[in-house]
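No gaps in the numbering here: position 124 of the sequence shown is 123 in numbering that gives the first Met the number 0, and each next residue is one more. From the three backbone atoms N, C-alpha and C, an ideal C-beta is built for every residue, glycine too. All of these numbers come straight from a predicted model, not from anything done at the bench.
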Amino acid sequence: MRAYVVDSFTDRAFSGNPAGVVLLDAPADAAWMQSVAAELKHSETAFVVVGGDAPAKPLRWFTPDTEVPLCGHATLATAHVLGGDQLFDTASGELRCTAGEDGWIEMDFPVDVPEPVEPPEELTAGLPGITIEQVAEGATKLLVRAASAAEVRALHPDFDALVQVPKPGVVVTAPGDHDGVDFVSRVFAPRVGIPEDPVTGSAHCTLAAWWSTRLDRTGHGAEFVGEQASARGGTVRMTLRGDRVGLRGRAVTVLEGELLA
Numbered sequence: 000m001r002a003y004v005v006d007s008f009t010d011r012a013f014s015g016n017p018a019g020v021v022l023l024d025a026p027a028d029a030a031w032m033q034s035v036a037a038e039l040k041h042s043e044t045a046f047v048v049v050g051g052d053a054p055a056k057p058l059r060w061f062t063p064d065t066e067v068p069l070c071g072h073a074t075l076a077t078a079h080v081l082g083g084d085q086l087f088d089t090a091s092g093e094l095r096c097t098a099g100e101d102g103w104i105e106m107d108f109p110v111d112v113p114e115p116v117e118p119p120e121e122l123t124a125g126l127p128g129i130t131i132e133q134v135a136e137g138a139t140k141l142l143v144r145a146a147s148a149a150e151v152r153a154l155h156p157d158f159d160a161l162v163q164v165p166k167p168g169v170v171v172t173a174p175g176d177h178d179g180v181d182f183v184s185r186v187f188a189p190r191v192g193i194p195e196d197p198v199t200g201s202a203h204c205t206l207a208a209w210w211s212t213r214l215d216r217t218g219h220g221a222e223f224v225g226e227q228a229s230a231r232g233g234t235v236r237m238t239l240r241g242d243r244v245g246l247r248g249r250a251v252t253v254l255e256g257e258l259l260a
């Protein structure tokens with residue numbers, strides 16, 4: 000089996016979000032895939048079945064601790080390894096990837112529209128220094144509007160508190176603080192073994208929907224640019240199309256080898 004490490008949402012090696020990609024000839028046992036993901040230790044490892052004649056290739060994603068229903072950066076990594084244009088069969092439905100110019104790949108993902116909620120106590124404790132202006136709940140994440148991008152960049156979370164938050168992930172966001180960026184964000188998911196995720200495609204399915212009303216860009220084809228302000232950093236370009244969102248990014252393969260066990 001061929002295995003790869005790919006840095007996603009970047010055009011430079013050792014930045015963006017690294018993902019494992021494993022090419023399978025046939026579906027594999029879930030416990031084995033979980034063991035491989037734990038061995039590779041990336042925030043997600045993708046397993047894609049490339050054998051067979053089905054138009055959509057089966058694709059699954061695992062963190063070091065658990066399987067997840069949707070992962071943007073590992074999908075981008077998989078499409079990059081396979082050449083760009085791909086159709087995947089996943090727990091979140093069919094996901095199409097389309098190759099563009101200069102190495103850009105667009106992924107067609109479902110929009111996740113978050114609903115306003117009251118902030119749980121664990122959230123306040125877990126985000127010291129953040130002025131919590133609004134909180135909304137998406138399918139798998141809590142979205143927190145901070146007062147400024149400076150607060151987002153300076154945040155040092157209390158992971159013992161965040162692991163108690165009743166959602167797998169927490170997204171902290173604020174308006175962009177430099178030209179060409181609509182908003183910044185950081186993503187934390189200690190409940191699934193990811194203290195901080197460097198660049199998170201699935202979070203931008205939620206962020207695009209949430210910021211569209213606040214930036215007054217709600218029409219079909221509205222475009223956004225998001226910066227994920229982690230230490231590695233990365234850029235996600237988004238286009239809203241009804242109940243779908245196009246996520247665009249580039250990727251760099253940094254390791255290729257053979258999985259022996």
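Under a Cβ-count criterion, where at least 16 other Cβ atoms within 10 Å of its own Cβ denotes burial, should residue i be classed as buried or exposed?
| i | result |
| --- | --- |
| V253 | exposed |
| K40 | exposed |
| P54 | exposed |
| T89 | buried |
| L214 | exposed |
| G168 | buried |
| W210 | buried |
| R1 | exposed |
| P113 | buried |
| A208 | buried |
| H72 | buried |
| R59 | buried |
| L161 | buried |
| P156 | buried |
| A12 | exposed |
How big is the Cα-Cα spacing for residue i and residue j?
| i | j | result |
| --- | --- | --- |
| A25 | H79 | 20 angstroms |
| A18 | D242 | 27 angstroms |
| G125 | R190 | 13 angstroms |
| G232 | V47 | 26 angstroms |
| P174 | S147 | 7 angstroms |
| I131 | G50 | 48 angstroms |
| P63 | Q133 | 31 angstroms |
| L154 | A230 | 12 angstroms |
| T212 | G218 | 10 angstroms |
| L75 | C96 | 8 angstroms |
| W103 | G83 | 9 angstroms |
| T172 | F108 | 20 angstroms |
| H177 | G220 | 23 angstroms |
| W31 | R216 | 44 angstroms |
| P115 | L259 | 47 angstroms |
Are the CB atoms of residue j and residue i within a distance shorter than 7 angstroms?
| i | j | result |
| --- | --- | --- |
| D111 | C204 | yes |
| C70 | E43 | yes |
| V198 | N16 | yes |
| F182 | G248 | no |
| T238 | E222 | yes |
| V5 | A250 | yes |
| K56 | F87 | yes |
| A135 | L142 | yes |
| V170 | S184 | yes |
| A45 | V67 | no |
Got a sec, what are the start and stop residues for the alpha helix (DSSP H) residue i sits in?
| i | result |
| --- | --- |
| A25 | Note, A25: premise wrong, no alpha helix (DSSP H); not H, not E. |
| T77 | 71-81 |
Provide the residue span of the beta strand (DSSP E) that contains residue i, from first to last.
| i | result |
| --- | --- |
| G248 | 243-248 |
| D101 | No beta strand (DSSP E) contains D101, which DSSP labels as neither H nor E. |
| K56 | 56-61 |
| T44 | 44-48 |
| F87 | 85-89 |
| D64 | Premise fails: D64 is in no beta strand (DSSP E) and is neither H nor E. |
For residue i and chain D, any beta-carbon pair shorter than 7 angstroms?
| i | result |
| --- | --- |
| P115 | Judged by its chain identifiers, the structure shown contains no chain D, having just a single protein chain. |
Complete runs of the beta strand (DSSP E) confined to the region 188-237 [at least 3 residues]: 193-196, 222-227
For the region 119-196, list the beta strand (DSSP E) runs that are entirely contained and at least 3 residues long, ordered along the chain. 133-136, 140-144, 168-174, 182-188, 193-196
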